[in-house]
Amino acid sequence: MRGDARRDTAFILIAGVVLIFFMPLLIDTHVLTLLIAYGMLALSLGLIWGFGGVLCFGQAAFFGLGAYTFAVAGINLGESTLPVILAVLVPAVFALALGAMMFYGRLGDVYLAVITLVVTLILFRWINSTAGPEYTIGVARLGGFNGIPGFPILNVPGRPELMIWGETLYYVAAVSLLVVFLLVTWLLRSSFGRIAVGIRENEERVSLLGFDIRARKTILFAIGAAIAGLAGALYATWAEVVTPTLFSLQQSAEIIIWCIVGGLGTRFGPILGAAALAYLKFALGQQAIIDNMFVLGLVLVLFVLFLPRGLAPELARGWHWLAGSRRRPARRRRAPRAEVSDG
Amino acid sequence: MAETVLETEGLTMRFGGVVAVDNVSLKLKARELRCLIGPNGAGKSTCFKCLCGLLTPTDGRVFLRGEETTGWEPHQIAALGVGIKMQVSSVMDGLSVHENIWMAARRFNDTQAARRKADEVIERLALGPIARTELGRLAHGERQRVELGIVMAADPWLVLLDEPAAGMTADEVARMGEVIREMTRSAAVVIVEHDMQFIRSLASTVTVFHRGRVLMEDHVDRVMSDPVVRDVYLGKRA
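Top to bottom, those sequences are chains C and L. Quick note, the first sequence lines up with residues 0 to 342 if you use numbering that gives the first Met the number 0. Quick note, the second sequence lines up with residues 0 to 237 if you use numbering that gives the first Met the number 0.
Have a look at this one:
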C-alpha cells in the first residue's frame, strides 16, 4: 500500500512537471493561468461532490469569497502573502459555519443544494448592492457591480515590490495546482478520505459504525471551500479585478458541468473538464455566430447521454485498452515457448 | 452474576396515535443471546431502532452498560462498542469487501491495526476470494456475511442484528448460526428474527412481542409450546 502511494506520487509529479512545461507550447500562458484557476476550482467541487457525496451548488460562493478576500486584504495590507492565506481561511471558516448548520441540521441532499444556491445568490445580490462609498472594509471600497480594481497582485513573499505576473504567474499557479492535487491525493488515501468515500456510499451505515458523519462532512466541505478560495485568489491576481459575477449562478452551474464532463469520482477529471470547457468558451468567445451557453449546454447533454462517466474514466479505459493490446500479443508469443521447454 | 449490558425501562414509542412499542422493559446480561420475535407490526423492529439510536423513544429510558443512552445519536451508541446490522442490507456498495470491513475496524484501531483486523475477519468468515470485490457485485448471502464481518471487525460487546437470516439458504443460515454463537463468547447478542427454525437452532431465551408489549419471555422451547404464543404468532403463520 505504501509502495503504491509512493509510485502514485512519483507518477503525479512527473506527469505534472511534463504538463507544466509542455502546455505553454500549445496554449498561451495567460490563458493557461485562467484554466488552472478554474481547474483548481473544479477540483474543489470534485473532492466534496465526487468523493464526499456533497453536491454543493454554491462552490462559486467560496471562489468569489476567496477572490474578494484577496483583493480587500491586499488593498488594506499593501502586499499579497497574508491575503493569499486569508483567501484560503475566510472561505474555509465560512464553509465551516454553513456546513455545520446544514449537516448538524440533518438537511437532505436536495435542501443542501438549495441552501448553497441561495447563499450564493445572497452574496451575489449583496455584493452587487455595495456601490455606495459607505461600503468599505478597512480602506477598500467594495464597489458594487463595478467590483474592485487596482489591488496589489501576487508578490514574492516579504518583497511587495517583486510582483508575480505573466509567465511567472503561470508557473506559480501551475505548481500550486500540482501541490493541491498531491494534497488531495494524500487526503483521499488517508483514513479521513477513505471514510469520506464510505459516507458517500452509505451515510447511515458509516454512522452505525460509530463515525460522526456530521463533523466529517463539515470538515470536508470546509476543505473544499479552502481550495476554492485559493483558486479565487489565483483568479483575482490573474484578472487584476474582482466583480460580483464571480458569485453568479452561471459560474456555479459551470463548475458542476465541468465536474460532470470531466468525470466525477476522479481527481483529474474535474480539472480536465474545467480546462477543456473554459478553453472552448474562450475560443467561442472570439466569434459571434453561436452562443456560448448554447454550446456548453449541448456538450453537457451529449456527455450525460453518451459518456455519463465523464472524460477522465473513458481516457483511462482507452489507455488501459491500448496498453493491454500492446501487451497481449507478447503473452501469446511466450506461451508456446513455455510448452516447448516443458516437453 | 454477569453484569447487565442492556436495559430498557418502560420504553415507549408512539407514531401519532399508534403505539408501536408500549412500556417495554428488557434486561440483557453480558454474553447473553436473546431473540426478539413476534408477528408483523408487533414493535420488535421499532424497539430495535430505539436501542441503536435511529429512533428516539417517546417515553422510557435505555441503558447500555449502566449508562443512559436515551436520545443519543447512532454514531455515539456505536462508538460505545455496539455492533449493529440493519434489516435491509446496508453496506458501502461501491467499495470492496476489505474496505467495508476495514472501515468498521478503523473506528477502534489505527490504520495499520485496522487492516490486520480486516484481514483476520475476512479469513474467519472465509471471504478471502471476494475480498477485493465491490459489495454491489455480490450475491445476497455473501453480502449478509460481509455485514456480519463489519459487525465483528469492531469487536463489540453488544451486537444488535435485525433479521440476519432473511433470504438466506439453509446452508448459509446454519453457518450464520455458528458465527453468532461464536460472537456470544465475547458479546451479548440481540436478534430480531422471523425464521423460527433458525431461532430454535440458536436455543436461546426469546422475548415475544405482541402489539407493542412483551407477551412472554422464556427459553425458546417453552415459548414454542405456550398456547397463547401459538395463538398470536405461530397460529397465524400456518
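Just so you know, even glycine gets a beta-carbon here, dropped at the ideal spot from N, CA and C. Being a predicted model, the structure only gives us computed values, none of them experimental.
(request) Run the CB neighbour count on Arg123 of chain L, radius 10 Å, all protein chains shown included, and call it buried at 16 or more, exposed below. (result) exposed
(request) Within the same chain, show all residues whose beta-carbon is closer than 8 angstroms to that of Arg327 of chain C, passing over the 5 residues directly before and after it, in chain order. (result) Residue placement at Arg327 of chain C cannot be trusted, given a pLDDT of 49 that sits under 50; the coordinates are not used to answer.
(message) Strictly by DSSP, which residues pair up with Asp161 of chain L?
(response) L:Val191
(message) What I want to know is whether the C-beta of Leu304 of chain C ends up closer than 6 angstroms to one or more non-hydrogen atoms of the ligand GDP.
(response) For the ligand GDP, the structure offers nothing, since it holds no ligand at all.
(request) Classify Tyr110 of chain C as buried or exposed, calling it buried when 16 or more other Cβ atoms lie within 10 Å of its own Cβ. (result) exposed
(request) State the beta-bridge partners of His218 of chain L as determined by DSSP. (result) L:Thr204
(request) Using alpha carbons as the reference points, say which of C:Asp7, C:Gly49, C:Ala70 lies closest to Gly309 of chain C. (result) C:Gly49
(message) If you reduce the DSSP assignment to three classes, tell me which class Asp230 of chain L lands in.
(response) helix
(request) Verify whether the separation of the beta carbon atoms of Phe61 of chain C and Gly228 of chain C is less than 7 angstroms. (result) yes
(message) For Ile353 of chain C and Arg188 of chain C, what's the separation of their Cα atoms in angstroms?
(response) This structure cannot speak to residue 353 of chain C, because chain C is shown only from 0 to 342.
(message) Can you tell me whether Met162 of chain C is helix, strand or coil according to DSSP?
(response) strand
(message) Can you pull out the residues from the segment 152-165 of chain L whose beta carbon lies closer than 8 angstroms to at least one beta carbon of chain C?
(response) Ala153
(request) Using alpha carbons as the reference points, say which of L:Ile198, L:Arg13, L:Phe197 lies closest to Thr55 of chain L. (result) L:Arg13
(request) State the DSSP-derived secondary structure class of His38 of chain L, mapped to helix, strand or coil. (result) Note that residue 38 of chain L corresponds to Pro in the displayed sequence, not to His. Coil at Pro38 of chain L, not helix or strand.
(request) Just the C-alpha distance for Gly15 of chain C and Thr8 of chain C, rounded to the nearest angstrom, thanks. (result) 10 angstroms
(request) Take Ala232 of chain C and list the residues in its own chain whose beta-carbon comes closer than 6 angstroms to its own, dropping the five residues that flank it on each side. (result) Gly65, Phe69, Val83, Ala86
(request) Would you kindly work out how many angstroms separate the C-alpha atoms of Leu153 of chain C and Ser79 of chain C, rounded to a whole number? (result) 5 angstroms
(message) Can you check which of these residues, C:Pro156, C:Arg158, C:Ala139, is closest to Phe150 of chain C by C-alpha distance?
(response) C:Ala139
(request) Round the Cβ separation of Phe220 of chain C and Ile259 of chain C to the nearest angstrom and send it over; I've been treating them as touching at under 8 angstroms. (result) Contact flag wrong, Cβ pair sits at about 20 angstroms.
(request) Could you run through the segment 59-74 of chain L and flag, in chain order, every residue whose CB is less than 8 angstroms away from some CB of chain C? (result) Glu72, Pro73, His74
(request) With Asp118 of chain L as the anchor, note down where its alpha helix (DSSP H) starts and where it stops. (result) 110-123
(request) Could you check which residue in C:Phe210, C:Leu297, C:Thr217 has the C-alpha nearest to that of Pro79 of chain L? (result) Rather than Pro, the amino acid found at residue 79 of chain L in this sequence is Leu. If we check each option's Cα against that of Leu79 of chain L, C:Phe210 comes out closest.
(request) Keeping to the same chain, check which residues put their C-beta closer than 6 angstroms to that of Thr160 of chain L; ignore five residues upstream and five downstream. (result) Residue 160 of chain L is actually Leu in this sequence, not Thr. Taken in chain order, the residues that qualify are Lys84, Ile190.
(request) Spatial neighbours of Ser95 of chain L within its chain, please: CB distance less than 8 angstroms, with the 5 preceding and 5 following residues excluded, ordered by chain position. (result) Ala130, Arg131, Thr132, Glu133, Leu134
(request) Indicate whether at least one CB of chain L lies closer than 7 angstroms to the CB of Ala14 of chain C. (result) no
(request) Tell me whether Ser24 of chain L sits in a helix, a strand or coil according to DSSP, three-state version. (result) coil
(request) Check whether the Cβ of Leu94 of chain L lies closer than 7 angstroms to any Cβ atom in chain C. (result) yes
(message) Taking the alpha carbon of Leu141 of chain C as the reference point, which residue from C:Val71, C:Asp108, C:Gly63 has its own alpha carbon closest?
(response) C:Val71
(request) Report back the beta-carbon spacing between Leu35 of chain L and Thr3 of chain L to the nearest angstrom; my notes put them in contact at under 8 angstroms. (result) With 8 angstroms as the limit, Leu35 of chain L and Thr3 of chain L do not qualify as a contact, their Cβ atoms being about 17 angstroms apart.
(request) Report the option in C:Gly52, C:Leu81, C:Pro90, C:Leu122 whose CA atom is closest to the CA atom of Gly93 of chain L. (result) C:Gly52
(request) Keeping to the same chain, check which residues put their C-beta closer than 8 angstroms to that of Asn75 of chain C; ignore five residues upstream and five downstream. (result) Ile136, Gly137, Val138, Ala139
(message) For Arg106 of chain L, would you say it is in contact with chain C, using Cβ-to-Cβ distances shorter than 7 angstroms as the test?
(response) yes
(message) Just to confirm before moving on: does the CB-CB distance between Arg174 of chain L and Ser88 of chain L stay below 7 angstroms?
(response) no
(message) Between Thr11 of chain L and Thr57 of chain L, how many whole angstroms is the CB-CB distance? I'm expecting something under 8 angstroms.
(response) 5 angstroms
(request) Consult DSSP for Asp27 of chain C and reduce its assignment to one of helix, strand or coil. (result) coil
(request) Say whether chain L places a C-beta atom closer than 7 angstroms to the C-beta of Arg204 of chain C. (result) yes
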